[in-house]
Amino acid sequence: MVAEVSMRGITKRFPGVLADDDVDFDVERGEIHALMGENGAGKSILMSMLAGVYRPDAGEIYIRGERHEFASPLDAIDAGIGMVFQSFKLFPSLTVAENVVFRSEPTKRGLIDRQAANRKVAEIAEKYGLALDPTARVDSVPVGVLQRVEIVKALYREARVLILDEPTAVLTPQETERLFDVLRALKADGRTIILITHKLNEVMAISDRVTVLRDGRNVASLVTADSSPAEITRHMTGRDVDLTTPPPARAPGEVVLDVRGLCVPGSGGRDAVSEASLFVRSGEVVGIAGVAGNGQVELAEAVIGMRRASAGSVSVRGEDLSRASIAQRRDGGIAYIPEDRHAVGSAGTADAIDNLALGHHRRAPLLRRGLLSRGAMLEHAKRLIGRFGVKIAGPSTPVGTLSGGNLQKVVVARELDYRSPLLIAEQPTRGVDIGAIESIHRELCEYRDAGGALLLISAELSEIMSLSSRILVMFEGRIVAEVPQAEADDALLGLYMAGHEPEDRHRPGSFAAALAAAALAAPAGSTTSEKGIAS
């Protein structure tokens with residue numbers, strides 16, 4: 001039987017990096033095939049070559065037995081290859097149907113036939129269970145719907161092979177299940193699905209086979225049903241990985257972050273954040289769960305000072321920082337891992353030395369007698385690169401050349417090493433491999449146990465539930481529920497994230513009432529060490 005996709009001896013080099021090294025990769029028709037590996041293993045680059053984004057330096061690509069050389073994504077589309085990237089390629093001001101048929105519009109008497117476009121999109125969506133309104137503007141629909149638009153766009157162009165890059169990163173558990181139903185329907189129709197993912201539980205649930213890349217080489221091709229998460233992890237990392245989170249070393253201490261009645265303006269005259277109140281204590285992790293676009297990012301940016309609030313207050317260790325600049329808030333005790341590691345978290349053209357020095361450059365040991373010490377900056381960079389396992393040619397390498405996961409390690413390393421009393425972490429493990437997740441979680445727990453206060457915002461519910469003692473749920477800019485770790489599960493949080501009314505015991509109370517309850521619950525005389533945390 002001829003494979004649907006066969007890649008032979010694929011090699012791709014970038015300056016200082018061998019991304020893929022003589023890789024063989026086969027996918028059968030009508031299967032769901034997971035592609036896994038650590039950051040920098042070559043997964044996305046390999047699939048980008050299959051999708052025509054890059055051209056291999058060596059090797060051959062066969063589609064249904066026929067050799068192809070793709071000079072552009074259009075060539076790959078013509079061969080039946082469609083790819084849904086992590087960053088959706090849609091026009092916000094156009095409708096769903098207009099986005100789907102863009103550059104392939106049906107015409108009638110020389111004009112675009114909008115009715116035919118709407119009808120065709122509706123037919124594809126209905127066939128595969130993709131609930132879509134063809135007439136809705138893309139900028140008015142939730143992020144989960146945007147993914148469906150991208151899938152329909154590929155199917156409209158008659159893609160026989162569909163590549164999905166981290167497809168569940170922005171979905172609720174319920175939306176993930178619906179996506180899996182769609183993938184099963186596509187499989188039943190003879191389509192071939194390739195999933196690039198880090199989520200082992202999803203791989204075990206949906207895939208037929210798994211291919212693992214390590215250091216740019218194919219190290220394993222497995223039948224999923226005959227394998228296990230532990231075996232796949234060993235192939236990925238070369239060792240066993242433990243994601244068990246240790247409980248806090250002691251009871252939480254004093255309030256570090258105090259947010260009261262915060263309102264943050266959004267687009268269209270509506271508040272992105274409305275009347276948000278919360279607190280985080282030293283030695284405590286408070287998680288914020290929510291579907292992307294429900295105010296989590298705006299809340300974090302208002303706390304760090306990137307957005308101005310229209311009402312409410314932000315205090316850190318009793319000091320009102322509501323009108324403070326970003327630099328003043330940093331000096332006041334806030335470290336920040338932003339959601340967008342490219343645009344906000346790093347300077348892509350600068351090297352790792354400079355990027356890892358950001359925020360540290362105004363204090364010793366990097367600052368000596370009013371001047372920056374390049375030698376101290378180099379040693380600082382080497383230490384963090386080694387500690388966090390950043391795969392990089394050297395400290396002088398521009399961080400814009402790194403894989404997304406390795407760039408994330410740079411940002412996380414820099415902010416954790418800042419050792420501020422408060423850390424706001426948005427998606428700290430997004431796009432990183434399971435070995436890096438283990439390392440980052442360990443570092444976050446050590447920060448907590450040293451007395452740090454952590455406000456964690458993550459699309460990964462397993463991460464939120466594992467690390468957080470309290471979980472706040474945001475929906476349409478409001479904090480709608482507060483769930484203790486012991487009562488949290490995917491189904492419950494998923495319902496609250498979708499806007500379902502919370503149970504009475506999970507309704508967020510006023511700050512004063514919640515703080516009073518926390519104080520009553522704390523053991524008498526309990527304290528929290530602040531060893532190692534800047535004061």
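Here UniProt numbering is used: position 501 in the sequence shown is 501, and no number is missing along the way.
All C-beta atoms in this analysis are idealised placements derived from N, C-alpha and C, irrespective of residue type, glycine included.
Keep in mind it's a predicted model, so treat the numbers as computed, not measured.
In three-state DSSP terms, what is Leu-50?
Here residue 50 refers to the residue found at position 50 of the sequence shown. In the three-state reduction of the DSSP assignment, Leu-50 falls in the helix class, which pools H, G and I.
Based on the DSSP output, what are the partners of Ile-32 in its beta bridges?
For the purposes of this step, residue 32 is identified with residue 32 of the sequence shown, where counting begins at 1. Within the DSSP secondary-structure output, Ile-32 pairs in a beta bridge with Ile-193.
Looking at C-alpha atoms only, which residue of Val-480, Val-182 and His-506 is the closest neighbour of Ile-124?
Reading the sequence shown from its first residue, position 124 is the one you call residue 124. For the residues Val-480, Val-182 and His-506, the minimum Cα distance to Ile-124 belongs to Val-182.
By alpha-carbon positions, which one of Leu-358, Gly-312 and Arg-341 ends up nearest to Ala-327?
Position 327 of the sequence shown holds residue 327. That would be Leu-358, whose Cα lies nearest to the Cα of Ala-327.
Do you know offhand how far Glu-31's Cα is from Leu-186's?
The residue given as residue 31 occupies position 31 in the sequence shown. The residue given as residue 186 occupies position 186 in the sequence shown. Cα-Cα distance, rounded: 9 Å.
For Gln-43, three-class secondary structure by DSSP
Residue mapping note: residue 43 aligns to position 43 of the sequence shown, counting from 1. Sequence check: residue 43 is Lys here, not Gln. Looking at Lys-43 - three-state DSSP - the assignment turns out to be helix.
For Glu-175, which of Gly-190, Arg-157 and Arg-148 has the nearest alpha-carbon?
As a first step, residue 175 must be located in the sequence shown, where it is residue number 175. Comparing Cα-Cα distances from Glu-175 to each of Gly-190, Arg-157 and Arg-148, the minimum goes to Arg-148.
Contact check, Gly-82 vs Gly-9, beta carbons under 9 Å:
For the purposes of this step, residue 82 is taken as residue 82 along the sequence shown, with counting starting at 1. For the purposes of this step, residue 9 is taken as residue 9 along the sequence shown, with counting starting at 1. Result no, Cβ atoms of Gly-82 and Gly-9 do not sit closer than 9 Å.
Take Val-152 and list the residues in its own chain whose beta-carbon comes closer than 7 Å to its own, dropping the five residues that flank it on each side.
In the sequence shown, residue 152 corresponds to position 152, counting from 1. Correct list, in chain order: Val-100, Val-121, Ile-124, Ala-125, Leu-130 and Leu-132.
Check whether the Cβ of Asp-139 lies closer than 8 Å to any heavy atom of the ligand SAM, and answer yes or no.
Questions concerning the ligand SAM fall outside what the structure shown contains, since it holds no ligand whatsoever.
Under 9 Å between the Cβ atoms of Leu-416 and Gly-287?
As a working mapping, residue 416 is identified with position 416 in the sequence shown. As a working mapping, residue 287 is identified with position 287 in the sequence shown. Cβ atoms of Leu-416 and Gly-287: not closer than 9 Å.
The beta strand (DSSP E) with Asp-258 in it runs from where to where?
The sequence position of residue 258 within the sequence shown is 258, counting from 1. That run of the beta strand (DSSP E) goes 255-265.
Using DSSP with H/G/I as helix, E/B as strand and the rest coil, what is Ser-104?
One-based indexing of the sequence shown puts residue 104 at position 104. In the three-state reduction of the DSSP assignment, Ser-104 falls in the coil class, being assigned neither a helical nor a strand state.
Which of helix, strand or coil does DSSP assign to Ile-457?
The sequence position of residue 457 within the sequence shown is 457, counting from 1. Under the three-state reduction of DSSP output, Ile-457 falls in the strand class.
Between the alpha carbons of Ala-335 and Ser-420, how many angstroms are there, rounded?
Numbered from 1 along the sequence shown, position 335 holds the residue referred to as residue 335. Numbered from 1 along the sequence shown, position 420 holds the residue referred to as residue 420. Using only the alpha carbons, I get a separation of about 6 Å.
Alpha helix (DSSP H) containing Gly-405: first to last residue?
Numbered from 1 along the sequence shown, position 405 holds the residue referred to as residue 405. Start and end: 404-417.
Taking a contact to mean a Cβ-Cβ separation below 9 Å, would you say Arg-55 touches Met-49 in this structure?
To locate residue 55, count along the sequence shown from 1; it is residue 55. To locate residue 49, count along the sequence shown from 1; it is residue 49. Against a cut-off of 9 Å, the Cβ pair of Met-49 and Arg-55 comes out as a contact.
In whole angstroms, give me the CA-to-CA distance for Glu-438 and Val-280.
For the purposes of this step, residue 438 is taken as residue 438 along the sequence shown, with counting starting at 1. For the purposes of this step, residue 280 is taken as residue 280 along the sequence shown, with counting starting at 1. Rounded to whole angstroms, the gap between the alpha carbons of Glu-438 and Val-280 is 24 Å.
Given that a residue counts as buried once 16 or more other Cβ atoms are within 10 Å of its Cβ, and exposed if not, what is Glu-460?
Taking the sequence shown and counting its residues from 1, one reaches residue 460 at position 460. With 16 or more Cβ atoms within 10 Å of its Cβ, Glu-460 is classed as buried.
Rounded separation between Ile-77 and Glu-443 - CA only
On the sequence shown, residue 77 is found 77 positions in, with the first residue counted as 1. On the sequence shown, residue 443 is found 443 positions in, with the first residue counted as 1. Separation of Ile-77 and Glu-443 (C-alpha to C-alpha, rounded to the nearest whole angstrom) is 43 Å.
Buried/exposed call for Ser-310, threshold 16 Cβ in 10 Å
The residue labelled residue 310 in the question sits at position 310 within the sequence shown. The residue in question, Ser-310, is exposed, as its Cβ has fewer than 16 Cβ neighbours within 10 Å.
Just reading off the alpha helix (DSSP H) that Val-27 is part of, what are its end residues?
Position 27 of the sequence shown, counted from the first residue, corresponds to residue 27. Taken as a continuous stretch (DSSP letters only), Val-27 belongs to no alpha helix (DSSP H), being part of the beta strand (DSSP E) at 17-27.
Evaluate Arg-507 with the Cβ neighbour count: other Cβ atoms within 10 Å of its Cβ, from every protein chain shown; 16 or more gives buried, anything less gives exposed.
Numbered from 1 along the sequence shown, position 507 holds the residue referred to as residue 507. Per the 10 Å Cβ criterion, exposed.
In this structure, how does DSSP classify Ala-276 when only helix, strand and coil are distinguished?
The residue given as residue 276 occupies position 276 in the sequence shown. Strand, per DSSP.
Proximity winner among Val-256, Leu-278 and Glu-254, relative to Leu-262 (alpha-carbon distances)
To locate residue 262, count along the sequence shown from 1; it is residue 262. Of the listed residues, the one whose Cα sits closest to Leu-262 is Leu-278.
Quick check on DSSP: helix, strand or coil for Asn-355?
As a first step, residue 355 is located in the sequence shown; it is residue number 355 there, counting from the start. Helix, per DSSP.
Hey, Ala-3 and Val-27 are a contact pair by Cβ (cut 8 Å); roughly how many whole angstroms apart?
By one-based count along the sequence shown, residue 3 stands at place 3. By one-based count along the sequence shown, residue 27 stands at place 27. 6 Å between Cβ atoms; contact.
Same chain only: Cβ atoms within 6 Å of Leu-155, ignoring 5 sequence neighbours per side
For this step, residue 155 is matched to residue 155 along the sequence shown. So the list reads Ile-124, once near-sequence residues are dropped.
Compute the Euclidean distance between the alpha carbons of Tyr-447 and Leu-495, then round it to the nearest angstrom.
Locating residue 447 in the sequence shown gives position 447, where the first residue counts as 1. Locating residue 495 in the sequence shown gives position 495, where the first residue counts as 1. Going by C-alpha positions, Tyr-447 is about 31 Å away from Leu-495.
For Val-75 versus His-68, is the C-beta spacing smaller than 9 Å?
Counting from one through the sequence shown, the residue named residue 75 turns up at place 75. Counting from one through the sequence shown, the residue named residue 68 turns up at place 68. First, the residue type needs correcting, since residue 75 is Asp and not Val in the sequence shown. Yes, the Cβ-Cβ distance between Asp-75 and His-68 is below 9 Å.
Start-to-end residues for the alpha helix (DSSP H) that takes in Tyr-128:
Taking the first residue of the sequence shown as position 1, residue 128 is located at position 128. Careful: Tyr-128 lies outside any alpha helix (DSSP H) and carries neither H nor E.
What are the boundary residues of the beta strand (DSSP E) that Arg-448 is part of?
The residue given as residue 448 occupies position 448 in the sequence shown. Premise fails: Arg-448 lies in the alpha helix (DSSP H), 434-449, not in any beta strand (DSSP E).
Whether Leu-94 touches Arg-137 by CB criterion (9 Å)
Sequence index remark: in the sequence shown, residue 94 carries index 94 (1-based). Sequence index remark: in the sequence shown, residue 137 carries index 137 (1-based). Contact flag set, yes.
Excluding the five sequence neighbours on either side, which residues of its own chain have a C-beta within less than 6 Å of the C-beta of Ser-322, listed in chain order?
Stepping through the sequence shown from its first residue, residue 322 is reached at position 322. Result list for Ser-322: Ser-313 and Val-314, in chain order.
For Val-473, the nearest candidate out of Pro-247, Gly-266, Leu-299 and Lys-89 (CA to CA)
As a working note, residue 473 is residue 473 in the sequence shown. Comparing Cα-Cα distances from Val-473 to each of Pro-247, Gly-266, Leu-299 and Lys-89, the minimum goes to Leu-299.
For the alpha helix (DSSP H) that Lys-187 lies in, which residues bound it at each end?
The count along the sequence shown starts at 1 and reaches residue 187 at position 187. In the DSSP assignment, Lys-187 falls within the alpha helix (DSSP H) that extends over 173-188.
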